[in-house]
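**Q** My questions all concern the structure below.
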Amino acid sequence: MASRPLSRQERILYPLDWLEERSGLVGAVRYFLLRNVPGDINWFQTLGSAALTAFLVQAVTGIVLAMYYEPGPTTAYPSIQRITNDLWGGWLVRGMHKWGASVFIILMFMHMGRVFLFGAYKYPRELNWIIGVLLLALGLAEGFTGYLLPWDQTSYWATTVGINLNGTAPFLGPFIAQFLQGGTAINANTLSRFYAIHMLVLPPLIAGLIGLHLYLVIRLGVTSPPWSKDAAGSGPPPEPPASTREGLTRPAPRPGLERGGGGG
Amino acid sequence: MLFVASDVEPSREHAHAPGQSLWPVGLAVGVAAFLVGFVVSWTVVALGAVITLVFASLWIRDLGRGRSLAEAHAVVPETRANRVNAHPPAVAPAGPHAGAQVSRSVFLELSTLGLGGVIGGLVSLPVLGFVVGPAFLKQGVKQHDLGPMSEFPEGQFMITTFTSNPSEGFVSRVTAFVRYNGLLGTLPSFTILSSRCVHLGCPVQPNGVATTSAEKTYKDVDLIPVLPSGFGCPCHDSQYDTEGNRTSGPAPRALDRYSYSIVNDHLLVGAPFSVAYVVGKGAQAQIHKTGYAFPGEHVDGLESWLYPIQPPH
Numbered sequence: 001m002a003s004r005p006l007s008r009q010e011r012i013l014y015p016l017d018w019l020e021e022r023s024g025l026v027g028a029v030r031y032f033l034l035r036n037v038p039g040d041i042n043w044f045q046t047l048g049s050a051a052l053t054a055f056l057v058q059a060v061t062g063i064v065l066a067m068y069y070e071p072g073p074t075t076a077y078p079s080i081q082r083i084t085n086d087l088w089g090g091w092l093v094r095g096m097h098k099w100g101a102s103v104f105i106i107l108m109f110m111h112m113g114r115v116f117l118f119g120a121y122k123y124p125r126e127l128n129w130i131i132g133v134l135l136l137a138l139g140l141a142e143g144f145t146g147y148l149l150p151w152d153q154t155s156y157w158a159t160t161v162g163i164n165l166n167g168t169a170p171f172l173g174p175f176i177a178q179f180l181q182g183g184t185a186i187n188a189n190t191l192s193r194f195y196a197i198h199m200l201v202l203p204p205l206i207a208g209l210i211g212l213h214l215y216l217v218i219r220l221g222v223t224s225p226p227w228s229k230d231a232a233g234s235g236p237p238p239e240p241p242a243s244t245r246e247g248l249t250r251p252a253p254r255p256g257l258e259r260g261g262g263g264g
Numbered sequence: 265m266l267f268v269a270s271d272v273e274p275s276r277e278h279a280h281a282p283g284q285s286l287w288p289v290g291l292a293v294g295v296a297a298f299l300v301g302f303v304v305s306w307t308v309v310a311l312g313a314v315i316t317l318v319f320a321s322l323w324i325r326d327l328g329r330g331r332s333l334a335e336a337h338a339v340v341p342e343t344r345a346n347r348v349n350a351h352p353p354a355v356a357p358a359g360p361h362a363g364a365q366v367s368r369s370v371f372l373e374l375s376t377l378g379l380g381g382v383i384g385g386l387v388s389l390p391v392l393g394f395v396v397g398p399a400f401l402k403q404g405v406k407q408h409d410l411g412p413m414s415e416f417p418e419g420q421f422m423i424t425t426f427t428s429n430p431s432e433g434f435v436s437r438v439t440a441f442v443r444y445n446g447l448l449g450t451l452p453s454f455t456i457l458s459s460r461c462v463h464l465g466c467p468v469q470p471n472g473v474a475t476t477s478a479e480k481t482y483k484d485v486d487l488i489p490v491l492p493s494g495f496g497c498p499c500h501d502s503q504y505d506t507e508g509n510r511t512s513g514p515a516p517r518a519l520d521r522y523s524y525s526i527v528n529d530h531l532l533v534g535a536p537f538s539v540a541y542v543v544g545k546g547a548q549a550q551i552h553k554t555g556y557a558f559p560g561e562h563v564d565g566l567e568s569w570l571y572p573i574q575p576p577h
C-alpha cells in the first residue's frame, strides 16, 4: 500500500473505487447512463423515458394507496372515500394514480408511434418491438383490473361489460370470463383477485420486461431519426450478435460470408 | 478392486468412492418409520428404532470390513469437445458402465432438469388448481324466497330486487322482472326475466314508468310495480319485448329467465337459464330454453357452435 497522501479528488472518489473493485457496479452504471447516442436525436426520443417515469409514478403512488385501500365488497368504496376526503394528501396521491394511469397508456402509444414512424423497429430491434407490445398489453391489463377497484357503479358495470366481452371469445371465452370473475357473477372474489392481479402479478411482469427492454436499447444503441445524414445503413453494420458468430446452436460462419456493410 | 482387510490405510494414490450397498436404504426407512411413529403410535417408533439399529449395524460392519471402499476408476475431465459424443471415444471407458452412451455431466444435467421439473410440478400443480378451481366448482344456486304469491298481481310486472348471497351484501343484489300469468290448468304460471342484458351484461330497464310510490318490501326483497311496453338496455340499446324476445339492438338472443317453484304459496326463484326465443305470450308461451350462457353468446343457430361447452354454473 503506497503511503502517498490522497488528493482531494481521490478522497472523494475513493468510496466509488472501493465499490467498483468489489462489484463492478460503477462501471455498469457508467455503461448504462453514459452512452454515445447519435448527434441528431430529438425530443421525440424521450417518450420512452417519459413512459418509464409514468410507470414509476404509478408504482410509488400505488404502494402508498395500497396502505389504505381495503379490497372487500363492503370496505372498498368507503376506503376510497377515506383516502380521497379524510387522509391528508390522499386526494393528490389518488389523483396522481388515477390520471397517471391514462398518462402511462398515452405515453406508451406515443412512444410506439415514434418508434414506428422512425422505423426504429427494424433489424436488429424487432425483438424490442415485441417486448414493447407485451408491455402495452400488460399496461392495458393494469388499466382493466385497476378500474374495478373503486367499487362504484361505474367500475362495476364497466367490469361487467369487460368480463362479458371476454366471455364472447369462441370456445374458451365462457371459461375465461368465469375465471376472471371468480364465479358465475361479479362478487367479492372478483374484487380481491383483480386487486391481487393489479398489484402483485402485473407490475413485476412490467418491471421485468422494462428491464429487458432497456437492456436491448443499450445493447443495440439508439436509432437516428430517418432524416439523419448518419442514417441507418450508411455506417458500418451493427456487430452481429454473438450467437450468429459462434455458440450453442450453430457453427461459426465460414470466412468470406460475413454480413457486408452498407446497402441491406 | 476390493481392499483386503489387512489393508487398513487406504492408498492415497487413487480416488476412492463408497461401494454400492443397500444398507443405507434400510437405515433411511428405519429413521422415517421412527419419526412417523411419534405421530402414529409408539409401536411404530419401536419398529423404526429396531430397523434403524439393525441396518446401521449392518452398514457399520460392512465399513469395518473395508468392503465399502472401491477404487474409483479414473475419469477423464470432460470438455465441450468430448462430452457431446459425436464420435465414440477412441478408448472405451473401463469399469462397470463401459459402453454407456450418456456421459456423467450429461446425466447430471438431465437428472437435475428432470428432478427440478418434477419438484416444480409438485409444488405448482396444487397452487394452479386453487387458482382455477374455486371459480368453477361448488357454484350452484340456492332458491330465494320472493314473498307470498299475493304480492304479484296478474298481468303486471314487478321489478324485484333481492340479495342473492347475503354473505356478500350489496354486490350480490339481483334484479328480475316478475309477472304472474294466472293459472295454467291448475298450476300458477310466472314469467321471471333476468335484468342482465344478454348483449354484454348491463342492467336492462323496463320501458315504462315504475310506480315507485307503490313499492313494497318483503325481507330483503324490493318490489316495484311497472307496466312496461318492453325492456331496453342503457349501454348499447338492445331492446326486448315483454316476453324477453329481442326486438332490436346487438343482443344475440332473448332475455335469460329464472326457474321458479311455489312452496306454501310463496314464490321461490331458482337457477337461471338462457332462452333462444319465445313463441306466444304469458302462460301459453313456448320457451326455447337452453343452458345458462354468458351474455353475448348465441344459443341457437350456427354461431352457437362457437360455444360448445359451458363452464359449470
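Order-wise, the sequence lines are chains A and B.
This note's numbering applies: residue 1 is where the first sequence begins, and numbers increase by one.
This note's numbering applies: residue 265 is where the second sequence begins, and numbers increase by one.
Built from N, CA and C at the ideal position, the CB exists for glycine as well.
Could you tell me which residues DSSP pairs with B:T425 in its beta bridges?
**A** Locating residue 425 of chain B in the second sequence gives position 161, counting from the first residue. Paired residue(s): B:T439 and B:D486.
**Q** Quick one: is B:H577 near chain A, going by C-beta distance under 9 Å?
**A** Counting from one through the second sequence, the residue named residue 577 of chain B turns up at place 313. So yes, B:H577 belongs to the interface.
**Q** Check B:N445 in the structure and name its three-state DSSP category.
**A** By one-based count along the second sequence, residue 445 of chain B stands at place 181. Three-state DSSP puts B:N445 in a strand.
**Q** Per DSSP, what kind of secondary structure is B:P390 in: helix, strand or coil?
**A** Here the question's residue 390 of chain B lines up with position 126 in the second sequence. Here B:P390 sits in helix by DSSP.
**Q** Under a Cβ-count criterion, where at least 16 other Cβ atoms within 10 Å of its own Cβ denotes burial, should A:E126 be classed as buried or exposed?
**A** Locating residue 126 of chain A in the first sequence gives position 126, where the first residue counts as 1. That one is exposed.
**Q** DSSP state of B:R510, grouped into three classes?
**A** Stepping through the second sequence from its first residue, residue 510 of chain B is reached at position 246. Of the three classes helix, strand and coil, the one that applies to B:R510 here is strand, per DSSP.
**Q** Which residues does DSSP pair with B:F495 in a beta bridge?
**A** Mapped onto the second sequence, residue 495 of chain B falls at position 231. According to DSSP, B:F495 bridges with B:P470 and B:Y504.
**Q** Restricting to Cα atoms, I'd like to know which of B:R325, B:F302, B:G301 and B:V295 is closest to B:S285.
**A** Taking the second sequence and counting its residues from 1, the one referred to as residue 285 of chain B is at position 21. Checking every option, the nearest Cα to that of B:S285 belongs to B:R325.
**Q** When burial is assigned at 16 or more other CB atoms within 10 Å of the CB, is B:D529 buried or exposed?
**A** Numbered from 1 along the second sequence, position 265 holds the residue referred to as residue 529 of chain B. Exposed, since its Cβ has fewer than 16 Cβ neighbours within 10 Å.
**Q** From the DSSP secondary-structure annotation, give me the bridge partner or partners of B:D409.
**A** By 1-based counting over the second sequence, the position of residue 409 of chain B is 145. Beta-bridge pairing links B:D409 to B:L532.
**Q** By a C-beta neighbour count over all protein chains shown, 10 Å radius and 16 as the cutoff for buried, is B:E415 buried or exposed?
**A** Walking along the second sequence from the start, residue 415 of chain B turns up at place 151. That one is buried.
**Q** For B:V520, count the other beta carbons within 10 Å of its own beta carbon; 16 or more makes it buried, fewer makes it exposed. Which is it?
**A** Against the second sequence, residue 520 of chain B aligns to sequence position 256. Correcting the residue type first, residue 520 of chain B is Asp in the shown sequence and not Val. By the 10 Å Cβ count, B:D520 comes out buried.
**Q** So, does the CB of B:N429 fall closer than 9 Å to a CB anywhere in chain A?
**A** Taking the second sequence and counting its residues from 1, one reaches residue 429 of chain B at position 165. True, the Cβ-Cβ gap to chain A drops below 9 Å.
**Q** Using only alpha-carbon positions, find the residue among B:N445, B:T506 and B:R517 that is nearest to B:Q469.
**A** On the second sequence, residue 469 of chain B is found 205 positions in, with the first residue counted as 1. It is B:T506 whose Cα lies nearest to the Cα of B:Q469.
**Q** Establish whether the CB of B:Y444 and some CB of chain A are separated by less than 9 Å.
**A** As a first step, residue 444 of chain B must be located in the second sequence, where it is residue number 180. No, B:Y444 does not count as interfacial toward chain A.
**Q** Can you name the residues of chain A whose CB is closer than 8 Å to the CB of B:C466?
**A** Locating residue 466 of chain B in the second sequence gives position 202, where the first residue counts as 1. Correct list: W157, T160 and V161.
**Q** Closer than 7 Å by beta-carbon distance: list the chain A residues that pair up with B:V396, in chain order.
**A** Indexing the second sequence from 1 puts residue 396 of chain B at position 132. Those are F179, listed as they occur along chain A.
**Q** For a minimum of 4 consecutive residues, which ranges assigned as the alpha helix (DSSP H) are wholly contained in the region 99 to 155 of chain A?
**A** Entirely contained in the region 99 to 155 of chain A, the alpha helix (DSSP H) runs reaching 4 residues are, in chain order, 126 to 148.
**Q** Looking at chain A, is there any beta carbon in it that lies within less than 9 Å of the beta carbon of B:V563?
**A** In the second sequence, counting from the first residue as 1, residue 563 of chain B sits at position 299. No, its Cβ sits nowhere closer than 9 Å to a Cβ of chain A.
**Q** State the Cα-Cα distance for the pair B:L389 and B:C461, rounded to the nearest angstrom.
**A** Start at 1 with the first residue of the second sequence, and residue 389 of chain B comes out as number 125. Start at 1 with the first residue of the second sequence, and residue 461 of chain B comes out as number 197. So the two alpha carbons sit approximately 37 Å from each other.
**Q** Run through the DSSP bridge pairs and tell me what A:Y69 is partnered with.
**A** Position 69 of the first sequence, counting from 1, holds the residue named residue 69 of chain A. According to DSSP, A:Y69 bridges with nothing at all.
**Q** Straight-line CA distance for A:F118 to A:L200?
**A** By one-based count along the first sequence, residue 118 of chain A stands at place 118. By one-based count along the first sequence, residue 200 of chain A stands at place 200. If you take the alpha carbons of A:F118 and A:L200, they lie about 35 Å apart.
**Q** Out of curiosity, what's the CA-to-CA distance linking B:L532 and A:F175?
**A** Taking the second sequence and counting its residues from 1, one reaches residue 532 of chain B at position 268. Taking the first sequence and counting its residues from 1, one reaches residue 175 of chain A at position 175. Between B:L532 and A:F175, the C-alpha separation is close to 29 Å.
**Q** May I have the straight-line CA-CA distance separating B:A269 from B:G328, to the nearest angstrom?
**A** Residue numbering aside, residue 269 of chain B sits at position 5 when the second sequence is read from its first letter. Residue numbering aside, residue 328 of chain B sits at position 64 when the second sequence is read from its first letter. At B:A269, the pLDDT of 46 sits below 50, so the modelled position is not reliable and the matter cannot be decided from this model.
**Q** Assuming B:G494 contacts B:N471 under a Cβ cut-off of 8 Å, what Cβ separation, rounded to an integer in Å, is found between them?
**A** Within the second sequence, numbered from 1, the residue matching residue 494 of chain B stands at position 230. Within the second sequence, numbered from 1, the residue matching residue 471 of chain B stands at position 207. Indeed they touch by this definition, with Cβ atoms about 5 Å apart.
**Q** Compute the Euclidean distance between the alpha carbons of B:T425 and B:D486, then round it to the nearest angstrom.
**A** Mapped onto the second sequence, residue 425 of chain B falls at position 161. Mapped onto the second sequence, residue 486 of chain B falls at position 222. Each residue's alpha carbon lies about 5 Å from the other.
**Q** DSSP three-state label for B:E561, please.
**A** As a working mapping, residue 561 of chain B is identified with position 297 in the second sequence. Three-state DSSP puts B:E561 in coil, outside helix and strand.
**Q** Starting from B:H463, follow the alpha helix (DSSP H) in both directions and report where the run begins and ends.
**A** Counted from its first residue, the second sequence places residue 463 of chain B at position 199. Here B:H463 belongs to no alpha helix (DSSP H), and DSSP marks it neither H nor E.
**Q** Round the Cβ separation of A:H111 and A:G48 to the nearest angstrom and send it over; I've been treating them as touching at under 8 Å.
**A** The count along the first sequence starts at 1 and reaches residue 111 of chain A at position 111. The count along the first sequence starts at 1 and reaches residue 48 of chain A at position 48. Yes, they are in contact, since the Cβ atoms of A:H111 and A:G48 sit about 5 Å apart, within 8 Å.
**Q** Would you report the Cα separation of A:Y121 and A:L34, rounded to the nearest angstrom?
**A** Taking the first sequence and counting its residues from 1, the one referred to as residue 121 of chain A is at position 121. Taking the first sequence and counting its residues from 1, the one referred to as residue 34 of chain A is at position 34. So the two alpha carbons sit approximately 23 Å from each other.
**Q** Please determine if the region 187 to 197 of chain A and the region 215 to 232 of chain A are in contact, where contact requires at least 3 C-beta pairs separated by less than 8 Å.
**A** The region 187 to 197 of chain A is not in contact with the region 215 to 232 of chain A.
**Q** Where do the N-terminal and C-terminal ends of the alpha helix (DSSP H) with B:A297 fall, by residue?
**A** Locating residue 297 of chain B in the second sequence gives position 33, counting from the first residue. Segment W287 to V304, the alpha helix (DSSP H) holding B:A297.
**Q** State yes or no: is the C-beta of B:I456 within less than 9 Å of the C-beta of B:Y541?
**A** Taking the first residue of the second sequence as position 1, residue 456 of chain B is located at position 192. Taking the first residue of the second sequence as position 1, residue 541 of chain B is located at position 277. No. Outside cutoff.
**Q** Use the C-beta contact count for A:E142: other C-beta atoms within 10 angstroms, 16 or more gives buried, fewer gives exposed.
**A** Indexing the first sequence from 1 puts residue 142 of chain A at position 142. Per the 10 Å Cβ criterion, buried.
**Q** Where does B:A540 fall in DSSP's three states?
**A** Here the question's residue 540 of chain B lines up with position 276 in the second sequence. Three-state result, B:A540: strand.
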